[in-house]
Each structure stands twice: as C-alpha cells, then as structure tokens.
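Notes for the one structure printed next.
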Amino acid sequence: MPSITRRRFVQSAATAAAAATLLPGRTAHANPFNLPLGLQLYSVREQLQRDYSGTLKQLHDIGFREVEAAGFFKQSPEDVQAAMAAAGLRCVSAHYPYAELDKGLDAILDFHRKLGTAHFILCSFPGFRPGASAATLPYGQQVKSFTLDDWRWNAERFNTWGKRIHDAGFQFGYHNHTMEFAPQKDAASGASIIPFDLLLQHTDPALVAIELDCGWVTVGGGSPEHYLRTFPDRIKMLHVKDFASAPGHTSADNPPPAAELGRGTSNYPAIFAAAKHGAIQHLFIEQEDYPDLPWAEALRTDARYLHSLKP
Numbered sequence: 008m009p010s011i012t013r014r015r016f017v018q019s020a021a022t023a024a025a026a027a028t029l030l031p032g033r034t035a036h037a038n039p040f041n042l043p044l045g046l047q048l049y050s051v052r053e054q055l056q057r058d059y060s061g062t063l064k065q066l067h068d069i070g071f072r073e074v075e076a077a078g079f080f081k082q083s084p085e086d087v088q089a090a091m092a093a094a095g096l097r098c099v100s101a102h103y104p105y106a107e108l109d110k111g112l113d114a115i116l117d118f119h120r121k122l123g124t125a126h127f128i129l130c131s132f133p134g135f136r137p138g139a140s141a142a143t144l145p146y147g148q149q150v151k152s153f154t155l156d157d158w159r160w161n162a163e164r165f166n167t168w169g170k171r172i173h174d175a176g177f178q179f180g181y182h183n184h185t186m187e188f189a190p191q192k193d194a195a196s197g198a199s200i201i202p203f204d205l206l207l208q209h210t211d212p213a214l215v216a217i218e219l220d221c222g223w224v225t226v227g228g229g230s231p232e233h234y235l236r237t238f239p240d241r242i243k244m245l246h247v248k249d250f251a252s253a254p255g256h257t258s259a260d261n262p263p264p265a266a267e268l269g270r271g272t273s274n275y276p277a278i279f280a281a282a283k284h285g286a287i288q289h290l291f292i293e294q295e296d297y298p299d300l301p302w303a304e305a306l307r308t309d310a311r312y313l314h315s316l317k318p
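What follows is the structure, given as structure tokens:
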C-alpha cells in the first residue's frame, strides 16, 4: 500500500483544521446541498459482514444519516429496518447487479415493500442481448466488445424495468462506471457517439433516473460538470468519490488508487457548483478502498471535506 505523501498530509491537515470545530450531530446536513449526509455501504462491505448493527452505529457517529445498500448480508427486511432504526439511519436506496434485476425483480420488490426503500439502482455491467457470444468473455473483453446497439438494447430494457418499478411505487436508476464515456463509432451513421449520451437519449426520464458517480466519470475521461449542467433534471443522486492520479489506470477494471475527497483528481467545488440548480435528492460518499487511512478515519475525512464546502 502506498504511504501518505507530504502533499496529501498537508491537504489533510488543512481540511481537518477547517472542520475541527464541527460536531457530527450538528453537521449531518451541512454539505453543499443541505441534504442528509449519505454513504454507499459498499464502502464498509467487510465491516458490515463482521458486525452489521455495530458498523451502522459507527456510521451514525461519523455523521451519516442516510445509506445506500450494496447487499443485505442475509438480513431480513425486518432485521435491516430494525438495525437502521437503532443506528439512526435511513436506507433510501439499494444497488443491484444486472442478473438480480433481470431474474429476481419480483422478489426485490417484495423485499423493499417491507423495508421501504425508495430507489433501486443498477450498479453493474449492463446486460448483453440474448445469444450474444461476448457475454461469455472475461470482464475486460466484455467491455471492449460492448457496442452501441448493446446500449440501445439496454436502454429499452431499463425502460421496461423502470415501468415495473415505477408502477410498484419505487424509482429505478442507473449508476455509471467508466465504459460509458469511451466514444464509439456508430455503424450506421459513422458518427462518434458517447454511450452515456445514447443511454440518456433512449431512456424515459420518468422511468430511469441517473445516479452520477462523479469519480468514475472523471476517471473515464468525462466531465461531471457537463452532465450536471446539460441534464439537470435527469440526475437525481450523486456518488461522491475520488481517485489519486495514476496514468494508465482509466477504467473500472483497472482503477487508480482510491483517495479521500479533495485529495484526488475530481474537482468537487466545480462539480457541486454545476449541480446547484439541478434535482439532486441524495448524495452518497463512496470510498471503495483505504490505501492511506483506517476506514473510519478516511470516512470522517471525506465527511469533513464536504462540510468544508459551503452550500
């Protein structure tokens, strides 16, 4: 694991000093959107597996008030609801991979009717059309084999899921990674098209919300600010994560090292300024790994950085 650099130490000291007087109980809404501070629970997947209820309580102590699930670790909806209530947290959204949404949507809907979660988000690689030979390839080759026609097919699939989920009283959404921002040549027109633009064009705004992962957009060569300004009503939720600069590491299957917020390559003051007049409903910090700090300290650092940015 890389050790913390002098530059990052200085940045850490400056951020901590700016927020040293803030108390978690008083700052749960003191982020740039005046929203409850949220966490994507993939950030603490190992901790939850060891101690589900205890980890949730630690998150509340750090200052989080909302969470987005990434699996439920064999907990029943009643157990999840009780653990969240005991910790003072609300589970407002949940991530699901393509296969689970494709094969088990009825069971997912039943689970969340009991739990009361409002949003279901596709968090994985999209699906291939039936019979596509590329579906059996390793992940990296699948990404390279994914065509614009595959994106068009997925857009229709998302609309279908979105209607079923909407009719059941919930909201479906899509979470990006990096592959969506690599331009592809359209076989019919010869034009260069960014798949994420195609996805936005072919999905129904009433049925498919966007959860924009700002860190992955940046790593993939896109501009979060552009999408937040251009599609202010489509983007309902933000994932706020950062990555260190690492040339050559420009994809989700070959990512750069994780970094605490404000210490990486994403320009969050500019991103939040672009999102200020949009329709953001929830904001989730996500840190997938902890190369420099213990997990709780890293998440406190992330939270303090957001608290240091004025609404």
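Everything in the sequence shown is counted per the numbering used here, starting at 8 for the first residue and increasing by one.
Cβ atoms here follow ideal geometry from the backbone N, Cα and C, with glycine treated the same way.
Residue i in three-state terms, based on DSSP
{"i": "R136", "result": "coil"}
{"i": "L46", "result": "strand"}
{"i": "L155", "result": "helix"}
{"i": "G32", "result": "Interpretation of G32 is limited by its pLDDT of 47, a score under 50 that renders its predicted location unreliable; the figure taken from the coordinates is listed afterwards. Reduced to three states, the DSSP call for G32 is helix."}
{"i": "A198", "result": "coil"}
{"i": "A23", "result": "With a pLDDT of 41 at A23, under the threshold of 50, the modelled position of that residue is not reliable, and no figure is offered here."}
{"i": "E75", "result": "strand"}
{"i": "F250", "result": "strand"}
{"i": "K64", "result": "helix"}
{"i": "A141", "result": "helix"}
{"i": "F265", "result": "Correcting the residue identity first, residue 265 is Ala in this sequence and not Phe. It is a strand residue."}
{"i": "K192", "result": "strand"}
{"i": "D211", "result": "coil"}
{"i": "R270", "result": "coil"}
{"i": "K81", "result": "coil"}
{"i": "A114", "result": "helix"}
Cβ shell of residue i (< 6 Å), same chain only, five flanking positions each side left out
{"i": "P263", "result": "F250, A251, A253, H256"}
{"i": "E73", "result": "P43, G45, R97, V99"}
{"i": "A142", "result": "F135"}
{"i": "C130", "result": "H102, H182"}
{"i": "A259", "result": "H184, T185"}
{"i": "T124", "result": "C98, A101"}
Beta-carbon gap between residue i and residue j smaller than 8 Å
{"i": "S83", "j": "Q294", "result": "no"}
{"i": "T185", "j": "G227", "result": "yes"}
{"i": "L48", "j": "E75", "result": "yes"}
{"i": "K243", "j": "Q288", "result": "yes"}
{"i": "T210", "j": "A162", "result": "yes"}
{"i": "P133", "j": "Y103", "result": "no"}
{"i": "H246", "j": "F177", "result": "no"}
{"i": "N38", "j": "L306", "result": "no"}
{"i": "V87", "j": "L122", "result": "yes"}
{"i": "A303", "j": "Q56", "result": "no"}
{"i": "V215", "j": "F179", "result": "yes"}
{"i": "A310", "j": "G70", "result": "yes"}
N- and C-terminal bounds of the beta strand (DSSP E) containing residue i
{"i": "Y103", "result": "97–103"}
{"i": "I128", "result": "126–129"}
{"i": "Y297", "result": "First-last for Y297: undefined, no H or E at that position."}
{"i": "G180", "result": "178–182"}
{"i": "A216", "result": "215–220"}
Residues near residue i by beta carbon distance below 7 Å, same chain, minus five either side
{"i": "P190", "result": "S199, I200, I201"}
{"i": "T225", "result": "P231, T272, S273"}
{"i": "L63", "result": "A90, M91, A94, L96"}
{"i": "P239", "result": "H284, G285, A286"}
{"i": "R171", "result": "L112"}
{"i": "G147", "result": "D260"}
{"i": "G169", "result": "F179, D211, L214, V215"}
{"i": "Y59", "result": "F80, Q82, A90"}
{"i": "H67", "result": "A94, G95, L96"}
Close Cβ partners of residue i (< 8 Å) along its chain, the five nearest in sequence each way excluded
{"i": "D296", "result": "P264, A265"}
{"i": "K248", "result": "D220, C221, G222, W223, A265, L268, S273, I292, E293, Q294, E295"}
{"i": "L155", "result": "Q191, D193, A194, I200, P202, L205"}
{"i": "L144", "result": "S152"}
{"i": "G276", "result": "Sequence check: residue 276 is Pro here, not Gly. Closer than 8 Å at the Cβ level, and outside the excluded window around P276, lie L316."}
{"i": "D157", "result": "P133, F135, R136, A139"}
{"i": "R159", "result": "L205, H209"}
First and last residue of the uninterrupted alpha helix (DSSP H) at residue i
{"i": "K243", "result": "Looking at the DSSP string, K243 is not in any alpha helix (DSSP H); the run it does join, the beta strand (DSSP E), is 242–247."}
{"i": "Q56", "result": "52–57"}
{"i": "Y146", "result": "146–152"}
{"i": "H256", "result": "From DSSP, H256 is part of no alpha helix (DSSP H); its letter is neither H nor E."}
{"i": "F40", "result": "Here F40 belongs to no alpha helix (DSSP H), and DSSP marks it neither H nor E."}
{"i": "F291", "result": "Careful: F291 lies outside any alpha helix (DSSP H), inside the beta strand (DSSP E) at 289–292."}
{"i": "D309", "result": "302–315"}
{"i": "H233", "result": "231–237"}
{"i": "D86", "result": "84–94"}
{"i": "D260", "result": "No alpha helix (DSSP H) holds D260; DSSP gives it neither H nor E."}
{"i": "F279", "result": "275–282"}
So does the region 111–125 actually touch the region 77–96, counting three or more Cβ pairs closer than 8 Å?
Short answer: they touch.
Is the region 230–237 in contact with the region 214–221, if contact means three or more CB pairs nearer than 8 Å?
Yes, they touch.
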